[in-house]
Each structure stands twice: as C-alpha cells, then as structure tokens.
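**Q**
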Amino acid sequence: MPLKNFQFKDHQLLWSALVAPIPLWLLLAPFSEPPLTPLWLLLLVAPVVEELAFRGAIQGYLLQQRWGGHRCGYLSYANLVTALLFALLHLYAQPSLWALLTFVPGLIFGAVRERYRTVIPAIALHSYYNGGLLLL
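Just so you know, my numbering puts 132 at position 129 of the sequence shown, and the rest follows in order with no gaps.
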C-alpha cells in the first residue's frame with residue numbers, strides 16, 4: 004500500500020493507541036534511568052527492525068496458519084503469540100518489569116498491523132512509544 008494513499012480507517016483505534024502508553028510511561032517513570040542507547044537506534048532502527056520481524060514476518064506467518072486468525076475477543080491468536088514473543092525478546096536487554104510490560108504495546112502494534120494490513124502504522128506507533136520512554 005503506497006504511503007500517499009494511506010488513511011486511518013478506525014479513529015477510535017488510533018486514539019486508543021496514542022493514549023495507551025501514557026499510564027505505562029507514568030508507571031515506569033520511577034524506575035527509569037538515562038538511556039544508554041543512541042536516540043536514532045530507539046526511534047528509527049529498533050521500531051523498523053522489530054516491526055518488520057515481529058508484525059511483518061512472525062505475525063504475518065501465524066495469520067496464515069489455520070488457527071492464527073481465530074480470535075480471543077478483539078485479538079487474533081497470531082497477535083497474542085507474537086506479542087508474547089516480543090515481550091520475551093525484551094527480557095534479553097531490559098529489566099524484567101519493562102520487558103514484560105512490552106506485551107501490551109505488542110498487542111496494540113499487532114492490532115494496528117492487522118487493521119491496516121501493513122506494518123507502517125505499527126512502526127510509527129513503536130517509534131512514538133519509544134520516544135515517550137525517552138521523556139521519563
């Protein structure tokens with residue numbers, strides 16, 4: 004889908020995704036330390052690489068499986084599994100609480116990816132969420 008033709012189809016999902024990280028940022032603020040990771044890595048490289056890998060490749064593959072498109076409420080099984088893998092990956096480089104809390108944004112990124120059938124809005128949201136963490 005060309006970016007110039009992209010338009011948001013679901014304004015409620017958009018606003019929910021933009022507001023959702025605020026309580027998380029406030030919850031994590033007392034535990035935050037100055038980031039050691041360069042800004043460009045957090046805002047550009049990580050969102051692009053992680054979203055292409057998780058929402059593009061893994062979630063895309065799981066959605067093609069017979070069970071992947073089944074839903075638990077609003078969320079597909081493919082999204083639930085991908086978000087869990089996303090959180091587990093973050094255990095490698097982040098404190099346990101932070102890593103486990105990435106499960107929720109992972110679900111949001113996955114829902115946005117499925118809604119728009121592209122990873123572009125998920126990449127933008129991921130960058131936005133990482134930017135908010137820098138403000139802590």
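We put the beta carbon where it would ideally sit given N, CA and C, even for glycine. Being a predicted model, the structure only gives us computed values, none of them experimental.
1) Quick check on DSSP: helix, strand or coil for Arg58?
2) Any contact of the region 63 to 74 with the region 98 to 106, i.e. 3+ C-beta pairs under 8 Å?
3) Under the rule that 16 or more other beta-carbon atoms within 10 Å means buried, what is Ala96, buried or exposed?
4) Could you tell me the alpha carbon to alpha carbon distance between Arg58 and Leu137, rounded to whole angstroms?
5) Looking at C-alpha atoms only, which residue of Trp43, Val48 and Gly109 is the closest neighbour of Leu87?
6) Could you please give me the residues that DSSP links to Arg74 through a beta bridge?
7) How long is the line joining the alpha carbons of Gly135 and His73, rounded to whole angstroms?
8) Rank Glu54, Ala127 and Ile123 by C-alpha distance to the C-alpha of Ala90 and give the top, closest one.
9) Check the C-beta distance from Leu78 over to Ala56 and give it rounded, since I have them as a contact under 8 Å.
10) What did DSSP end up calling Gln15 once you bin it into helix, strand or coil?
11) Go ahead and pull the three-state DSSP assignment for Gln67.
12) Mind checking whether Leu16 and Arg118 have CB atoms under 8 Å apart?
**A** Looking at the coordinates:
1) Position 55 of the sequence shown holds residue 58. Helix at Arg58.
2) Taking 8 Å as the limit for Cβ pairs, the verdict is that the region 98 to 106 does not touch the region 63 to 74.
3) Numbered from 1 along the sequence shown, position 93 holds the residue referred to as residue 96. Here Ala96 is exposed: its Cβ has fewer than 16 other Cβ atoms, across all protein chains shown, within 10 Å.
4) Looking up residue 58 in the sequence shown gives position 55. Looking up residue 137 in the sequence shown gives position 134. Going by the C-alpha atoms only, they are around 23 Å apart.
5) Within the sequence shown, the letter at position 84 stands for residue 87. For the residues Trp43, Val48 and Gly109, the minimum Cα distance to Leu87 belongs to Gly109.
6) Here residue 74 refers to the residue found at position 71 when the sequence shown is read from its first residue. Paired residues: Ser79.
7) The residue given as residue 135 occupies position 132 in the sequence shown. The residue given as residue 73 occupies position 70 in the sequence shown. One C-alpha to the other measures close to 32 Å.
8) Taking the first residue of the sequence shown as 1, we reach residue 90 at position 87. Looking at the Cα atoms, Glu54 is the closest of the given residues.
9) Here residue 78 refers to the residue found at position 75 when the sequence shown is read from its first residue. Here residue 56 refers to the residue found at position 53 when the sequence shown is read from its first residue. About 19 Å separates the two Cβ atoms, so there is no contact after all.
10) Position 12 of the sequence shown, counting from 1, holds the residue named residue 15. Here Gln15 carries a helix assignment [DSSP, helix/strand/coil].
11) Residue mapping note: residue 67 aligns to position 64 of the sequence shown, counting from 1. Helix.
12) By 1-based counting over the sequence shown, the position of residue 16 is 13. By 1-based counting over the sequence shown, the position of residue 118 is 115. Going by C-beta atoms, Leu16 is nearer than 8 Å to Arg118.
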